[in-house]
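Okay, structure first, notes after.
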Amino acid sequence: MTGEIGQLALCLALALALVQAGAGVMGLRQPQAAQIAAGAASGGFVFVALAFAALVYGFVTSDFSIADVAHNSHTAKPLLYKITGVWGNHEGSMLLWVLVLSVYSAAIAFMQRGGARLTSAALGVQGLLAIAFLLFILLTSNPFARLDPMPFEGAGLNPLLQDPGLAFHPPTLYTGYVGLSATFAYAAAALITGDVDRAWARAARPFILIAWIALTLGIAGGSWWAYYDLGWGGFWFWDPVENASLMPWLVATALLHSALATERTGAFRTWTLLLSIMAFSLSLIGTFLVRSGVIVSVHAFASDPTRGNVILLILSAAILGALALFAWRAPRLESGAAFAPASRETALLINNILLVTALAVVFVGTVYPIALSAFDVRLSVGAPYFEKFFAPLFVALMIVLPFGPRLAWQRGELKLAARQLLPALAAAVFAAVIVVVAVRPRTIFGAGAFAVAAWTIAASFVDAALRARARTLGVAAMSAILAHAGLGVTLMGISGTTLWRLESLQVLAPGETMTIGRYDLRFDGVRLVQGPNYRAAHADLDVMRDRSVIGHLAPERRLFPAEGQETVQTAIRTTGLEDLYVALGDDRGGGSWTVRAYVNPLAPLIWLGAAIMALGGAAALGARLRARLWVPARAPAPEHA
Amino acid sequence: MTPKKRRRLTFALALIVAGAGGAGLVVYALKDNVLYFYSPSDIAKKHIRAGTAFRIGGLVEKHSVQHGKGAAIGFVITDGDSRVPVRYDGVLPALFREGQGVVAVGSLDERGTFDASEILAKHDERYMPPDVVDALKRSGRWKEGQ
Chain A
2 MTGEIGQLAL CLALALALVQ AGAGVMGLRQ PQAAQIAAGA ASGGFVFVAL
52 AFAALVYGFV TSDFSIADVA HNSHTAKPLL YKITGVWGNH EGSMLLWVLV
102 LSVYSAAIAF MQRGGARLTS AALGVQGLLA IAFLLFILLT SNPFARLDPM
152 PFEGAGLNPL LQDPGLAFHP PTLYTGYVGL SATFAYAAAA LITGDVDRAW
202 ARAARPFILI AWIALTLGIA GGSWWAYYDL GWGGFWFWDP VENASLMPWL
252 VATALLHSAL ATERTGAFRT WTLLLSIMAF SLSLIGTFLV RSGVIVSVHA
302 FASDPTRGNV ILLILSAAIL GALALFAWRA PRLESGAAFA PASRETALLI
352 NNILLVTALA VVFVGTVYPI ALSAFDVRLS VGAPYFEKFF APLFVALMIV
402 LPFGPRLAWQ RGELKLAARQ LLPALAAAVF AAVIVVVAVR PRTIFGAGAF
452 AVAAWTIAAS FVDAALRARA RTLGVAAMSA ILAHAGLGVT LMGISGTTLW
502 RLESLQVLAP GETMTIGRYD LRFDGVRLVQ GPNYRAAHAD LDVMRDRSVI
552 GHLAPERRLF PAEGQETVQT AIRTTGLEDL YVALGDDRGG GSWTVRAYVN
602 PLAPLIWLGA AIMALGGAAA LGARLRARLW VPARAPAPEH A
Chain B
819 MTPKKRRRLT FALALIVAGA GGAGLVVYAL KDNVLYFYSP SDIAKKHIRA
869 GTAFRIGGLV EKHSVQHGKG AAIGFVITDG DSRVPVRYDG VLPALFREGQ
919 GVVAVGSLDE RGTFDASEIL AKHDERYMPP DVVDALKRSG RWKEGQ
């Protein structure tokens with residue numbers, strides 16, 4: 002019964018999406034139609050949420066008459082994974098995609114930012130997207146398709162996905178991916194209405210921020226999941242799927258900065274519009290890469306070529322349509338206010354150039370092998386390619402970055418900014434010297450990376466101190482300070498782990514010890530334990546330092562009989578500044594097992610930095626909210642970020 | 819030419835030069851950092867120089883896995899027509915088994931043994947690397963529903 006309710010709700014949501022798109026366009030002329038579009042957006046959200054709830058109910062109650070549940074769930078699965086399993090498959094994850102889209106539509110309708118015409122046009126664009134994706138779901142990936150006869154037991158969920166990370170990672174990432182649809186809709190709306198003034202950038206701003214925060218958290222969360230779950234000790238593999246999420250993030254970061262200039266002085270109007278279109282286009286391309294099965298990974302559920310083709314069709318229509326609109330309307334736009342070479346606009350311009358170049362590098366490296374596979378040439382692009390380009394671009398970005406907040410809009414004083422940043426320069430030199438003197442093995446890259454990271458972090462402190470003295474250190478100013486410092490912290494984590502990681506692989510018999518860095522690991526053997534839906538080989542290792550036991554690690558290898566798969570469960574002991582990371586290898590007979598251990602210096606900083614960056618985004622969002630609540634609507638809110 | 823036009827022209831030229839330079843660099847870097855994929859039959863047919871890194875894919879031949887000292891392991895990758903001996907010193911992915919699909923990264927030594935630096939992790943038992951499926955199809959050993 003729930004299956005029918007869900008199916009019906011989806012059909013009604015499709016009908017409302019049609020109304021939303023039509024009324025949204027008509028709303029440009031008729032205020033009444035604009036209201037209808039807003040109502041349809043709210044209604045669409047209710048029905049998609051109902052359909053989603055129906056699917057969740059199907060998973061929780063293990064209703065195997067629904068094919069999606071039967072193929073991806075199992076009665077023995079813990080409740081958490083029954084719920085998260087809803088989006089651990091192609092159909093359910095597309096439904097989640099549309100759910101997030103409808104939440105954004107409802108939010109646009111509810112907030113009515115930038116006036117009735119702009120809202121109406123944005124809702125029209127959102128409606129078109131909803132039509133495309135609802136049709137995609139109903140016609141090619143129906144989560145409510147029935148299974149007859151109904152099987153007695155479900156096929157289970159990929160054990161790799163049976164992890165708390167599944168509760169967090171996909172919803173966050175989708176909030177980011179699809180959040181860019183709202184920015185895209187506003188950009189298209191601005192082009193349609195022709196009101197590309199600052200109001201447009203102001204209207205889109207909270208959506209850019211939410212999408213950026215969610216992407217940052219989603220990518221960092223996914224990287225952390227891969228780190229502790231895959232057992233390879235790495236946090237980023239330049240896998241096409243990872244790149245698919247990194248590309249929208251790079252553009253969203255560029256957009257975040259250029260929209261700031263557009264909103265403040267009207268600069269970069271057309272460029273901001275183009276970035277908005279690009280950001281969501283890359284979200285769609287990411288969805289295509291991940292969901293169509295052109296790349297093979299744990300993320301690619303579908304191998305049905307029609308689905309890939311339909312997504313490709315939607316994506317081409319959206320991108321080409323938006324670009325055509327842009328080509329038609331953009332030349333009519335006035336150019337923004339002029340700015341001097343030494344100004345915050347210039348700093349933001351450099352930021353944008355570097356970020357878009359980084360995007361181009363990732364894009365080429367990701368798409369090249371896929372394009373060549375059409376000509377029957379099979380190859381893959383290795384991590385060194387990405388690292389060779391990405392590292393210098395980000396170093397350049399981070400060297401320029403501290404100047405931005407210290408330069409005034411339109412006309413700044415470079416000499417003054419440089420003088421103010423002298424303490425940060427001192428911190429950079431100090432960090433480099435420390436690394437060269439105290440850390441072994443000595444690497445010039447390490448010294449450089451830590452100098453750059455210290456420069457960025459110290460500059461944030463300088464900025465905070467100067468603003469505190471001038472009494473302009475508000476929540477808004479904190480956003481840039483936090484986000485920039487967070488990037489520096491992440492860089493420390495990345496360089497620490499990549500440059501000074503220790504790795505050891507040994508075959509251990511019970512009672513034997515292996516040494517890695519300052520740690521000795523005593524292997525106490527492997528025993529079999531029974532989990533809720535798996536059997537595990539559970540190893541016990543005592544962590545020793547200077548002959549005294551300081552901890553205990555228990556890595557596992559789990560066998561899931563329902564799915565016939567095995568996973569590794571790593572064990573990590575962290576001091577906050579260093580991870581001792583152990584994974585259990587294979588059985589070598591006679592109680593001996595291979596054990597792989599890593600010491601990853603500063604690894605936790607990678608994710609700590611990302612969290613600080615996201616906090617910076619949240620501060621910017623909070624400042625908006627406060628300005629909206631406390632400052633009269635007409636008065637321009639004080640803006641420092 | 820008005821100063822505005824001249825500025826625009828300079829800007830456009832700079833953009834073109836920068837773009838071309840960037841594209842050249844990218845292509846150059848790509849050339850050095852791509853890994854080609856070969857099946858055992860490809861290796862038998864082509865002459866791949868020792869030391870050139872590439873990826874190899876096929877099935878782990880039944881009864882070919884031998885454990886050496888420490889974590890060292892030797893096995894044979896086959897696509898039914900040709901076989902290539904592989905040497906590896908490292909942890910195997912959870913789903914490494916005889917008779918199953920496998921993809922390894924490394925290079926050939928002088929005697930034609932593949933020195934693997936990495937055995938790629940496979941996430942799912944039912945899943946077969948598409949490169950391997952392709953290789954098996956070409957050697958005629960692929961059965962539908964496998």
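Chains A and B, in that order, are what the protein sequence lines are. Per the working numbering: the first sequence = residues 2 to 642. Per the working numbering: the second sequence = residues 819 to 964. Glycine residues also receive a C-beta, built at the ideal position from the N, C-alpha and C atoms.
Write down the C-beta distance between residue i and residue j rounded to the nearest angstrom, noting that I regard them as a contact closer than 8 Å.
{"i": "residue 499/A", "j": "residue 160/A", "result": "Contact doesn't hold; Cβ gap of about 29 Å is too wide."}
{"i": "residue 603/A", "j": "residue 585/A", "result": "Actually they do not touch by this definition, with Cβ atoms about 25 Å apart."}
{"i": "residue 330/A", "j": "residue 192/A", "result": "4 Å"}
{"i": "residue 514/A", "j": "residue 523/A", "result": "5 Å"}
{"i": "residue 110/A", "j": "residue 51/A", "result": "In fact, because the Cβ distance is near 18 Å, the residues do not count as touching under 8 Å."}
{"i": "residue 155/A", "j": "residue 91/A", "result": "Residue 155/A to residue 91/A, Cβ: 16 Å. No contact."}
{"i": "residue 61/A", "j": "residue 83/A", "result": "5 Å"}
{"i": "residue 48/A", "j": "residue 13/A", "result": "5 Å"}
{"i": "residue 173/A", "j": "residue 125/A", "result": "The pair is not a contact, with the Cβ atoms about 28 Å apart (cut-off 8 Å)."}
{"i": "residue 519/A", "j": "residue 544/A", "result": "The Cβ separation is near 10 Å, so there is no contact."}
Measuring straight from C-alpha to C-alpha, what distance separates residue i and residue j?
{"i": "residue 320/A", "j": "residue 282/A", "result": "6 Å"}
{"i": "residue 963/B", "j": "residue 364/A", "result": "Reliability of the predicted coordinates at residue 963/B is poor, the pLDDT of 42 falling under 50, and no value is obtained from them."}
{"i": "residue 264/A", "j": "residue 275/A", "result": "15 Å"}
{"i": "residue 118/A", "j": "residue 183/A", "result": "15 Å"}
{"i": "residue 560/A", "j": "residue 239/A", "result": "28 Å"}
{"i": "residue 143/A", "j": "residue 17/A", "result": "18 Å"}
{"i": "residue 41/A", "j": "residue 218/A", "result": "31 Å"}
{"i": "residue 35/A", "j": "residue 24/A", "result": "6 Å"}
{"i": "residue 167/A", "j": "residue 200/A", "result": "38 Å"}
{"i": "residue 618/A", "j": "residue 907/B", "result": "45 Å"}
{"i": "residue 614/A", "j": "residue 488/A", "result": "7 Å"}
{"i": "residue 417/A", "j": "residue 465/A", "result": "16 Å"}
{"i": "residue 262/A", "j": "residue 268/A", "result": "6 Å"}
{"i": "residue 366/A", "j": "residue 839/B", "result": "17 Å"}
{"i": "residue 866/B", "j": "residue 926/B", "result": "8 Å"}
{"i": "residue 632/A", "j": "residue 481/A", "result": "Confidence at residue 632/A is low in this model, with a pLDDT of 49, below 50, so its placement is unreliable and the value that follows should be read with caution. Distance between the alpha carbons of residue 632/A and residue 481/A: 21 Å."}
{"i": "residue 107/A", "j": "residue 209/A", "result": "16 Å"}
Considering only residues of the same chain and omitting the five flanking positions on each side of residue i, which have a CB-CB separation below 7 Å?
{"i": "residue 1/A", "result": "Absent from the model: residue 1/A. The displayed extent of chain A is 2 to 642, so no value can be given."}
{"i": "residue 493/A", "result": "451, 454, 603 and 606"}
{"i": "residue 390/A", "result": "362"}
{"i": "residue 287/A", "result": "178, 245, 246, 248 and 249"}
{"i": "residue 204/A", "result": "114, 115, 119 and 187"}
{"i": "residue 232/A", "result": "569, 571 and 584"}
Please return the same chain residues whose Cβ sits closer than 6 Å to the Cβ of residue i, not counting the five positions on each side in sequence.
{"i": "residue 171/A", "result": "88"}
{"i": "residue 347/A", "result": "none"}
{"i": "residue 94/A", "result": "88"}
{"i": "residue 258/A", "result": "349 and 352"}
{"i": "residue 116/A", "result": "none"}
{"i": "residue 341/A", "result": "412"}
{"i": "residue 468/A", "result": "474 and 478"}
{"i": "residue 28/A", "result": "34, 35, 38 and 121"}
{"i": "residue 915/B", "result": "none"}
{"i": "residue 458/A", "result": "486 and 489"}
Under the rule that 16 or more other beta-carbon atoms within 10 Å means buried, what is residue i, buried or exposed?
{"i": "residue 317/A", "result": "exposed"}
{"i": "residue 551/A", "result": "exposed"}
{"i": "residue 880/B", "result": "exposed"}
{"i": "residue 888/B", "result": "exposed"}
{"i": "residue 69/A", "result": "buried"}
{"i": "residue 243/A", "result": "buried"}
{"i": "residue 273/A", "result": "buried"}
* With 8 Å as the limit, tell me which residues of the segment 570-602 of chain A have their beta carbon closer than that to any beta carbon of chain B; keep them in chain order. => Within the segment 570-602 of chain A, contact with chain B at the beta-carbon level (separation under 8 Å) is assigned to 584, 586, 587, 589, 595 and 597.
* **Interfacial residues, the segment 864-895 of chain B to chain A, with Cβ spacing under 8 Å** => The residues in question are 873, 885, 888 and 889.
* Going along the chain, which residues of the segment 387-419 of chain A sit with their C-beta nearer than 7 Å to a C-beta in chain B? -> Hits within the stretch, in order: 389 and 390.
* Identify each residue in the segment 488-519 of chain A for which the Cβ-Cβ distance to at least one residue of chain B is less than 8 Å, and report them in chain order. => Taking 8 Å as the Cβ-Cβ cut-off against chain B, the residues of the segment 488-519 of chain A that qualify are 506, 507 and 508.
* What are the residues of the segment 256-287 of chain A that lie near chain B, defined by any Cβ-Cβ distance shorter than 9 Å? -> Under the 9 Å Cβ criterion, the segment 256-287 of chain A contributes no residue.
* Proximal residues, the segment 841-862 of chain B versus chain A, C-beta separation under 9 Å -> The residues in question are 841, 843, 844, 845, 847, 848, 850, 851, 852, 853, 854, 855 and 856.
* Members of the segment 331-364 of chain A near chain B, C-beta cut-off 8 Å -> Listed by position, the residues of the segment 331-364 of chain A near chain B (Cβ gap below 8 Å) are 358, 361 and 362.
* Asked: Relative to chain B, which residues along the segment 367-379 of chain A have a C-beta separation below 7 Å, given in chain order?
  -> Within the segment 367-379 of chain A, the qualifying residues are 369 and 379.
* Asked: When Cβ atoms are compared, which residues of the segment 193-210 of chain A fall closer than 8 Å to chain B?
  -> Residues: none.
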